[in-house]
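Visitor: Using the numbering used here, read the sequence shown as starting at 414 and increasing by one per residue.
Using N, Cα and C, we set each Cβ at its ideal position, and we do this for glycine too.
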Amino acid sequence: MTERIVVTGGAGFIGSHLVERLASDTTEILVLDTEANGDRSLLDIDPQFESVDIRDQALESILTEFDPDTIYHLAALHYIPYCNANPEEAFEVNVMGTRNILNVARQLDSLSNIVFASTAAVYPPRDEANHESTTTGPMDIYGRTKLIGEDLCRLFAQETNVSITAARLFNVYGPNETNEHLIPAILQQVRAGRRDIELGNLSPKRDFIHVDDAARALECLGTQFKGTFEPYNIGTGDPYSVREVVEETSAALDESITITQDDDRTRESDRPHLEADVSKLTTDFAWEPHVNFREGLRELLTQNREVLVT
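1. Is it the case that the region 633-644 contacts the region 524-541, given that we only count it when at least three CB pairs across the two stretches are under 8 Å?
2. Can you say whether residue 398 is buried or exposed, counting buried as having 16 or more other CB atoms within 10 angstroms of its CB?
3. Taking residue 581 as the reference, give the member of 627, 606, 533 with the closest Cα.
4. Who are residue 609's beta bridge partners in DSSP?
5. According to DSSP, what are the bridge partners of residue 514?
6. Under three-state DSSP, which class holds residue 616?
7. Return the Cβ separation of residue 593 and residue 492 in integer angstroms, given the expectation that the two are a contact with Cβ distance under 8 Å.
8. Residue 583 to residue 449, Cα distance in whole Å?
9. Starting from residue 581, trace the beta strand (DSSP E) in both directions and tell me its first and last residue.
10. For residue 602, I'd like the list of residues in its chain whose CB is within less than 8 Å of its CB, leaving aside the five on either flank, ordered along the chain.
11. So, with DSSP's three-state summary, where would you put residue 590?
12. Hey, is the region 545-557 in contact with the region 653-664, meaning 3+ C-beta pairs nearer than 8 Å?
13. Which residue from 503, 513, 628, 489 puts its Cα closest to that of residue 476?
14. Do the CB positions of residue 672 and residue 615 come within less than 8 Å of each other?
15. How big is the Cα-Cα spacing for residue 414 and residue 523?
16. Cα separation between residue 496 and residue 503?
17. When you compare the CB positions of residue 537 and residue 685, do they come within less than 8 Å of one another, or not?
18. Nearest-angstrom Cα distance between residue 459 and residue 704?
19. For residue 483, which of 586, 444, 656, 429 has the nearest alpha-carbon?
20. Tell me whether the beta-carbon of residue 647 lies closer than 8 Å to the beta-carbon of residue 622.
21. For the putative contact between residue 474 and residue 447, defined by C-beta atoms under 8 Å, what is the C-beta separation to the nearest angstrom?
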């Protein structure tokens, strides 16, 4: 029997990798994306595609006609500096867009599972690994909008027979990243021939997870979770500092790279440490990350070596 799947934000960084992972002879996939931050050319397959904003009324007719079994809701504004600078737009897309998805979902006869792409930004600053039981306390607009989204999903799951998981994604990296995060910022400067990299704060540690591992975790949530509502961390539990990322880049290129700290690149509210405890995901689904960060970074750099080496 064919499973009908909707992926909102399916032309984006994580979404495009997820769509390709889900594609099979037994799935029919509909991608919903405005391509404001994504690009359907990132997809190596040709799923059904609708260019629609998740806030639009047109969403209702599109979803009711397709009648999915599973929805992976990834569409969002998630670049933190942009969200902080545009809080109204972030609220409209991340909160009201999610509410619109859920309102339409009440009308879908076949729907049994929703995976909501949340974020590690729902946690407060702390020096230890974050477990799903850690008290939430977002420090930026993006984290606040996603925590509200989780609350909407929890309430929806309690009122319906649909199982929902909130995937608290940590720092995802890999091919085709579409936002100006740390690793793309490094690659952009190296591509331009620079070996003196300008970055902001060099000491923060982040839990980097390869996009292939993240997509595999999302698939687990969408295919195996049968409860009401649960949040799950998606990370590795192995954080790296900004300086360590540059050191790995230098080693992969076999070239010396120096770092200059640029105060203009420093975020006003940059947490010093962000680390996942993924024991719940591992226990419930036998999931574990397959791509070591250093190996994943080296692979990414190798794929770009022709343009990186000048």
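Guide: Let me spell this out:
1. yes
2. Beyond the ends of the chain as shown, which are 414 and 723, falls residue 398; an answer cannot be given.
3. Of the candidates 627, 606, 533, the one whose C-alpha sits nearest the C-alpha of residue 581 is 533.
4. 671
5. Answer is none; residue 514 lacks a bridge partner.
6. Residue state for residue 616 is assigned as coil, using DSSP reduced to three classes.
7. 7 Å
8. 22 Å
9. From DSSP, the beta strand (DSSP E) with residue 581 extends over 576-582.
10. 610, 611
11. coil
12. Because the criterion of three Cβ pairs below 8 Å is not met, the region 545-557 and the region 653-664 do not touch.
13. 513
14. yes
15. 13 Å
16. 5 Å
17. no
18. When rounded, the separation of the alpha-carbon atoms in residue 459 and residue 704 is 27 Å.
19. 444
20. yes
21. Not quite, the Cβ-Cβ distance comes to about 17 Å (not below 8 Å), so this is no contact.
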